[in-house]
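Q: Using the working numbering, the first residue of the sequence shown is number 934, and each one after it goes up by one.
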Amino acid sequence: MRSPNSMLSVRNIGVQLFTRQLDYFLDAYRQATKHPYGYLVIDMFASSDPTLRLRTNIFKDDEEKIIFIPKNG
934 MRSPNSMLSV RNIGVQLFTR QLDYFLDAYR QATKHPYGYL VIDMFASSDP
984 TLRLRTNIFK DDEEKIIFIP KNG
């Protein structure tokens, strides 16, 4: 179970990085971390493809790679 303070921190990061897509970010975070040791990769590198900003299961031993894409594009 997540503490309210940790979710507030995650929300604050989302507000700063995804101002107009906060729901997209929070939904990706919830899905990526619903299992123990789940993680969300936030790739904000300037030359990175914008469609690959939020990902999980990026390591070789992970079952399937998951890329979170906003519903509006």
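For glycine and all other residues, C-beta sits at the position ideal for the given N, C-alpha and C. Given the structure is predicted, the values throughout are model-derived calculations rather than measurements.
Comparing C-alpha positions only, which one of Tyr970, Ile1000 and Tyr962 sits nearest to proline 983?
A: Here residue 983 corresponds to residue number 50 of the sequence shown, with the count starting at 1. Of the candidates Tyr970, Ile1000 and Tyr962, the one whose C-alpha sits nearest the C-alpha of proline 983 is Ile1000.
Q: Only counting the same chain, and skipping five residues up and downstream in sequence, which positions put a Cβ closer than 7 Å to that of asparagine 990?
A: What you label residue 990 is simply residue 57 of the sequence shown in a count that begins at 1. The residues are Glu996, Glu997, Lys998 and Ile999.
Q: Which runs of the beta strand (DSSP E) spanning at least 3 residues fall entirely within the stretch 939–1004, listed in chain order?
A: The qualifying runs are 987–989 and 999–1001.
Q: Looking only at C-alpha atoms, which of Thr966, Phe978, Val948 and Ala961 sits nearest to leucine 987?
A: Taking the sequence shown and counting its residues from 1, one reaches residue 987 at position 54. Out of Thr966, Phe978, Val948 and Ala961, Ala961 has the C-alpha closest to the C-alpha of leucine 987.
Q: To the nearest angstrom, how far is the alpha carbon of tyrosine 972 from that of asparagine 1005?
A: Counting from 1 along the sequence shown, the entry for residue 972 is found at position 39. Counting from 1 along the sequence shown, the entry for residue 1005 is found at position 72. Roughly 24 Å between the two C-alpha positions.
Q: For valine 943 and alanine 979, what's the separation of their Cα atoms in angstroms?
A: Taking the sequence shown and counting its residues from 1, one reaches residue 943 at position 10. Taking the sequence shown and counting its residues from 1, one reaches residue 979 at position 46. Each residue's alpha carbon lies about 22 Å from the other.
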